[in-house]
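Chains as they are written, first to last, in our numbering: chain S, 1 to 78; chain X, 1 to 324.
Laid out in structure tokens, this is it:
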């Protein structure tokens, strides 16, 4: 599984990053989170609100920071 | 229904603290308690309800909708969508680029970007609750028209000439949207979304409410009415452009601004001046310009800035003339 966080470093992007790290730790998964902050790359995903969560190349969340439980569910589903 | 918050403030200030009804401090405290409780109540309910409705709406869908639309309707649609989608200034660059990439005219994108911070559920609810329905309607109409006129103007000066290379490149590229998954939305998802929204918006906004209501309360208790009407009344033509200029460095969001506007209005500041001040604090801000600098050349930024300034001043003056 490959997880990417798209964001240019705004407050909410950092929140999502920290939350995802926490979720992965609590789920006991060994996944590296990749941070995508280049605006060209972000736009290439077809999204326009940041932050966004991408799992295996698929956009799962756009523009909002979910709760920890919700985020865990998303990651579990893959 | 909202009278219970006045009663609550009465109860605390006069019955619990036994403060005299005519003192400045009791006036300020009363304003503070009434507004903070009322605003928090309205915010929680409205953000949640609107979150439920908005779970299926996002800018990605809007882009598809706006693509290839008739230009004239495009401005209205752009501004209209700007009004109903949430806005976070950190998203304005990806949004700008994304719209450009889809070959949506830059004017329509600007209509969206101008209206979006002005009109949002928080602003509308607070305006309706604190200043009344009439003021709310005027605010919404002015906000949409500001976006439409701004967009038309930007296209009229052929603003594509003044885009930064980054944005220009986007225009050349064909749109290839990858990996965007369409998901079915159940009612449970909606509730989840609404809950998340409530948490994020509330945690961002509550401190602004305190600051805004605090300042509003001090104004309410300590600034005499004659001071405002004599010095900033509609007789002084310069008060409107002055308010607009003053609003620019005061970067705030609507939730902090509205309690201040409420206080100023009840003190006799004319409607047009109040509105112009509000719009300029919310819509034109330095952080926003710094962000837009990445995609616009300085000249376009300057045009944009001057245009907002003139527009808000003009609206303010007209409203003061009609003064209802």
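Backbone N, C-alpha and C fix where the C-beta goes; we use that ideal spot for every residue, glycine too.
Taking only beta carbons into account, state which residues of the stretch 224-254 of chain X come closer than 8 Å to chain S, listed in chain order. none
From residue 28 of chain S to residue 188 of chain X, what distance separates their C-alpha atoms? 26 Å
In chain S, which residues lie with their C-beta within 7 Å of the C-beta of residue 37 of chain X? The premise fails here: residue 37 of chain X is roughly 26 Å from chain S at the closest Cβ pair, so nothing lies under 7 Å.
Terminal residues of the continuous alpha helix (DSSP H) containing residue 197 of chain X? 187-222
One question on the structure: do residue 75 of chain X and residue 98 of chain X come within less than 8 Å of each other, judged by their Cβ atoms? Not in contact: residue 75 of chain X and residue 98 of chain X (Cβ atoms no closer than 8 Å).
Residue 3 of chain S bridges to which residues according to DSSP? S:33 and S:55
Tell me, please, whether the CB atom of residue 67 of chain S is closer than 8 Å to any CB atom in chain X? Yes, residue 67 of chain S lies at the interface with chain X (some Cβ there is under 8 Å from its Cβ).
Using 10 angstroms around the beta-carbon of residue 306 of chain X, count the other beta-carbons present and answer buried if the total reaches 16, otherwise exposed. Its Cβ having fewer than 16 others within 10 Å, residue 306 of chain X is exposed.
Hey, which unbroken runs of the alpha helix (DSSP H) at 4 residues or more fall wholly within the stretch 85-148 of chain X? 92-101, 106-118 and 121-126
Taking Cβ-Cβ distances below 8 Å as the criterion, which residues of the stretch 25-49 of chain S are in contact with chain X? Interface annotation for the stretch 25-49 of chain S against chain X: 39, 40, 42, 43, 44, 45, 46, 47, 48 and 49, criterion Cβ-Cβ distance under 8 Å.
Put residue 62 of chain S into one of helix, strand or coil per three-state DSSP. Under the three-state reduction of DSSP, residue 62 of chain S is assigned to strand.
Contact defined as beta carbons within less than 8 Å: I believe residue 217 of chain X pairs with residue 28 of chain X. What is the distance between those atoms, to the nearest angstrom? Contact between residue 217 of chain X and residue 28 of chain X holds, since their C-beta atoms are separated by about 4 Å, short of 8 Å.
Residues that DSSP places opposite residue 163 of chain X in a beta bridge: X:296
Nearest residue (CA-CA) to residue 244 of chain X, options X:213, X:199 and X:313: X:313
By the criterion of Cβ-Cβ separation under 8 Å, what are the contact partners of residue 64 of chain S in chain X? 193, 196, 197 and 200
Relative to the C-alpha of residue 280 of chain X, which candidate in X:133, X:309, X:262 and X:119 has its C-alpha closest? X:309
With DSSP run on the structure shown, which of helix, strand or coil describes residue 157 of chain X? coil
Could you name the residues of chain S that residue 58 of chain X contacts, counting a contact when the two beta carbons are closer than 8 Å? 49, 62 and 63
Say whether chain S places a C-beta atom closer than 8 Å to the C-beta of residue 301 of chain X. Contact of residue 301 of chain X with chain S is not assigned, every C-beta pair being separated by 8 Å or more.
Is there at least one Cβ from chain S nearer than 8 Å to residue 151 of chain X's Cβ? No, no contact with chain S.
Ordered along the chain, which non-local residues of its own chain (more than five positions away) have a Cβ less than 8 Å from that of residue 179 of chain X? Since pLDDT at residue 179 of chain X reaches only 43, below the 50 mark, its modelled position is unreliable, and no value is offered.
Distance, residue 197 of chain X Cα to residue 210 of chain X Cα: 20 Å
Just verifying my parser: in three-state terms, what is the DSSP assignment at residue 264 of chain X? Residue 264 of chain X falls in the helix class under three-state DSSP.
Is it right to say residue 176 of chain X is buried, meaning 16 or more other beta carbons lie within 10 angstroms of its own, or is it exposed? Bear in mind that a pLDDT of 48 at residue 176 of chain X, under 50, signals an unreliable position, so the number given afterwards is only what the model happens to contain. So residue 176 of chain X ends up on the exposed side.
Please confirm whether residue 95 of chain X has its beta-carbon closer than 8 Å to some beta-carbon of chain S. Yes, residue 95 of chain X counts as interfacial toward chain S.
Identify whether residue 22 of chain X lies in helix, strand or coil by the three-state DSSP scheme. coil
Quick test of your reading: residue 256 of chain X and residue 208 of chain X, contact by CB under 8 Å. State the CB separation rounded to the nearest angstrom. 3 Å
Nearest residue (CA-CA) to residue 146 of chain X, options X:136, X:9 and X:111: X:111
Pairs of beta-carbons, one from the stretch 38-47 of chain X and one from the stretch 223-230 of chain X, closer than 8 Å: are there three or more? Touching, no.
Are the beta-carbon atoms of residue 100 of chain X and residue 78 of chain X separated by less than 8 Å? no
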